[in-house]
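Report on the structure given below.
Protein chains: 2
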Amino acid sequence: MIRTPTLADVARHAGVSPATASRVVSGRGPASPEARRRVAAAVAHLGYVPDAAARALATHGGTRVAVAVISGTPTALTDPYVGRVVAATAEVAAAREVGVALHWLPLHDPAALARLAHGRGIDGVVLVNPTKPALELLPRSARVAAIGAGSRQVPAFDVDNRGGTTGVLRHLVGSGRRHVAMVTGPSWLPCAERAVDAYRRVARENGYEVRLVPGDFTTTRGATAAAEIMARWPDTDAVFALGDLAALGVLDGLRVLGVEVPGDVAVAGFDDIAFAPLSRPTLTTTTNPVEQIAAHAATAVLDRHPTSPLTLFPSTLVVREST
Amino acid sequence: MIRTPTLADVARHAGVSPATASRVVSGRGPASPEARRRVAAAVAHLGYVPDAAARALATHGGTRVAVAVISGTPTALTDPYVGRVVAATAEVAAAREVGVALHWLPLHDPAALARLAHGRGIDGVVLVNPTKPALELLPRSARVAAIGAGSRQVPAFDVDNRGGTTGVLRHLVGSGRRHVAMVTGPSWLPCAERAVDAYRRVARENGYEVRLVPGDFTTTRGATAAAEIMARWPDTDAVFALGDLAALGVLDGLRVLGVEVPGDVAVAGFDDIAFAPLSRPTLTTTTNPVEQIAAHAATAVLDRHPTSPLTLFPSTLVVREST
DNA sequence: CGCAACCGTGGAAGCGCTTCCACCGCAAGT
DNA sequence: ACTTGCGGTGGAAGCGCTTCCACGGTTGCG
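Protein sequence lines correspond, in order, to chains Z and H. With positions in the first sequence counted from 1, the corresponding number in the working numbering is that position plus 121. With positions in the second sequence counted from 1, the corresponding number in the working numbering is that position plus 121.
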């Protein structure tokens, strides 16, 4: 069997000590041009590739920043929101020469985050959909930043859910809508509750009935939620869905029911994803500067500079055809 | 400073040897109930979490399967296609108790794949957008499966690009279109060439002019490509774009130009992503069973059972409003 | 011309974990 | 009673890499 070459092989081949070979390969520490040349030749000849695990073990250093998504099913990884987080993190990470790893953490296994965060080779983790239990099981030393709600030890970064929601709802009410229903996020997600709070408050201020239907950020659920809403409260004339994906689902669900948008019912979402201006009708929504948020979170874990427990980023209303 | 606890700490605390502690924690090898109990207690008390790097180093085993995407910018990670691959891989991986890591490999650094594949802790890699150079630089021992084109050592899995393309084009021609342009994939991607071949062949068979415009699977490029096509060949009456994202971009680009779809120009895509039925007008496309393909690829690398060099999965036409 | 400073180098000790191997005491077999 | 066998155990050797440290051999300065 062919062993994959190790640093020792390289050193032997180059006629230097493992220590010198290591210095050359890792680029740290002094080495004569001659030594450099010979080691480089040996590396090329043998096709040597450093073992990341051994290096991580020896240096206590990490080589990757992880983006971890908590959800019930791995399907959540297909969410464009996650894609944006990963891409933004990758950009920050690339500047520091570390890789990005995407992990799915099952909702029912809160300890998975602790395992991930502790593992050598992981420089830090950017957590999407932070849940209470997962955050609580975290060891003190963890380098984690959350997108959404944080905890005593975990700094959080998020869009101003409350403000964004309020903006959308005021727009809806301001354009004459009187019966506004809302498709929420999953109940296990604390940060989504902030949007629901805002909805409740605007309802109180404007005297409309609270019509909440649970959602899960998916298009599929958005469609069924729309049907539920119209069956339960037929006089509903506006639906606000947390997440554009859900809103697109609502649009689809309403189309199936033969409900006109925006004629009969106005629909608005949250996030302003790339597809929002491509739907039929184009979707009114409010922005979510995910890239900016993720970049801040990634920077926070990688550089470990202390940040305030919760940093909020503003959301601005984008009015299109659906309202 | 607080050190994170090691196995040795656990062993000391439990009053057993590191060897015994290891057996209990890893669940391999014999151990008395009494020893198990005490080690478990120590683990809980100390909040011990095994170090993945050290374990990988000692066992030569991996704990993760990687999904690697080759592209020019990390933005490609936001592509829903990638999301689907990751989710499907995660499902396969979960059954084997290994994690999934998503990596972005810069197009200009073909050796990155070799580094990734070789690293300890990586059980195998599922490669998206395989390029020739990357494949060629791979060490013999690599456990890689490609989605797209493979090589002597790397098995590949892909949708039947040729068949899918042919199906779409026949449908276009069959419904009376005479001047069909195509937005291709990036030129560095060999597997996308198969679709171009099919386009050329159908053109020859039907006597229409070859009108190729390079694309890159993005919506943005789709929109500009549409403008280019209409400027260069104003009598174009159908556009086939590789990738639904690009097709949605074409739709958007044509709308801006005031071109009616499907009245003036028919548009069709490839992949049948979740948004295809939500666009305006809804998008005609042909399916790409990505989940199935990714699952096969993941299984191939994880189980290492030899597979044929290239496995193709059928694509079926989905006619909607845009044609 | 002698001493300090310095650069490049190799030896060796670990990083935290697994696993081979030898060992002990015990119950069962002859 | 004396082997045999076996489940449970600890000692110790590594996995591949980095890095501390000590050691010549140069150089440059007084």
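Where is the CB? At the ideal position from N, CA and C, for every residue including glycine. Since the model is a prediction, treat every value here as computed from it, not as a measurement.
DSSP links H:A277 through a beta bridge to H:A267 and H:L431. Excluding residues up to 5 positions away in sequence, G150 and A152 lie with their Cβ nearer than 6 angstroms to the Cβ of H:R144 in the same chain. DSSP places Z:D244 in the uninterrupted beta strand (DSSP E) bounded by G242 to V249.
A contact is defined here as three or more CB-CB pairs under 8 angstroms, and the region 430-439 of chain H fails this definition with respect to the region 224-234 of chain H. Under a criterion of Cβ atoms nearer than 7 angstroms, the residues of chain Z adjacent to H:F396 are, in order, F396. Under the three-state reduction of DSSP output, Z:A421 falls in the helix class. For Z:W225, a Cβ of chain H is located within less than 8 angstroms of the residue's own Cβ. Neighbourhood of H:T196 in chain Z, by CB distance below 8 angstroms: A208, in chain order. Along the region 398-411 of chain Z, the positions whose C-beta sits under 8 angstroms from a C-beta of chain H are P398, L399, S400, R401, P402 and T403, read in chain order.
Not one beta carbon of chain Z lies nearer than 8 angstroms to the beta carbon of H:P139. The closest CA to that of Z:D385, considering only Z:R283, Z:L128, Z:T357 and Z:T127, is found on Z:T357.
Closest in C-alpha terms to Z:L333, from the list Z:T341, Z:F361, Z:T340 and Z:Q413, comes Z:F361. The Cβ of H:V203 sits closer than 8 angstroms to at least one Cβ of chain Z. The continuous beta strand (DSSP E) containing Z:V190 extends over residues G183 to S192. Closer than 8 angstroms to the CB of Z:H239 there is at least one CB belonging to chain H. The C-beta of Z:E155 has fewer than 16 other C-beta atoms within 10 Å across all chains shown, which makes the residue exposed. When Cβ-Cβ separations below 8 angstroms define contact, H:A389 makes no contact with chain Z. Per DSSP, Z:H229 is not a residue of any alpha helix (DSSP H), being assigned neither H nor E. Bridge pairing for H:R332: H:A302 [DSSP]. DSSP places H:A316 in the uninterrupted alpha helix (DSSP H) bounded by P311 to N327.
Look at H:D356 here: in three-state DSSP terms it is coil, with no helix or strand label. For Z:D200, the nearest beta carbon of chain H is closer than 8 angstroms to its own beta carbon.
Within the model, the alpha-carbon separation for Z:N409 versus Z:A177 is close to 36 angstroms. In this structure, H:P260 is the residue among H:P427, H:T339, H:P260 and H:P311 with its C-alpha nearest to the C-alpha of Z:A165. Closest in C-alpha terms to H:Q413, from the list H:E381, H:T287, H:I268 and H:V294, comes H:I268. Fewer than three Cβ pairs drawn from the region 194-205 of chain Z and the region 131-141 of chain H lie within less than 8 angstroms of each other, which leaves the two stretches out of contact. Excluding its 5 nearest sequence neighbours in each direction, H:G271 has C-beta neighbours in its own chain below 8 angstroms: P251, L256, A277, P430 and L431, listed in chain order.
In summary, H:E212 is buried, with 16 or more beta-carbon neighbours lying within 10 Å of its beta-carbon over all protein chains present.
Of all residues in the region 335-356 of chain Z, only T340 come within less than 7 angstroms of chain H when Cβ atoms are compared, listed by chain position.
Residue contact check for H:T125 against chain Z: a CB pair falls below 8 angstroms. Identification of chain Z residues near H:D373 by a Cβ-Cβ cut-off of 7 angstroms yields L399, ordered along the chain. By the beta-carbon neighbour count (other beta carbons within 10 angstroms, threshold 16), Z:A418 is buried. Each of Z:A347, Z:L369, Z:W309 and Z:V247 was checked against the Cα of Z:D424, and the nearest Cα belongs to Z:V247. Put simply, the region 383-398 of chain Z touches the region 292-305 of chain Z. At least three CB pairs are less than 8 angstroms apart.
At a Cβ-Cβ threshold of 8 angstroms, H:D365 and H:D393 count as neighbours. Considering only beta carbons, the part of the region 164-196 of chain H lying closer than 7 angstroms to chain Z consists of G168, V170, D172, A173, A174, A175, A177, L178, P195 and T196, in chain order.
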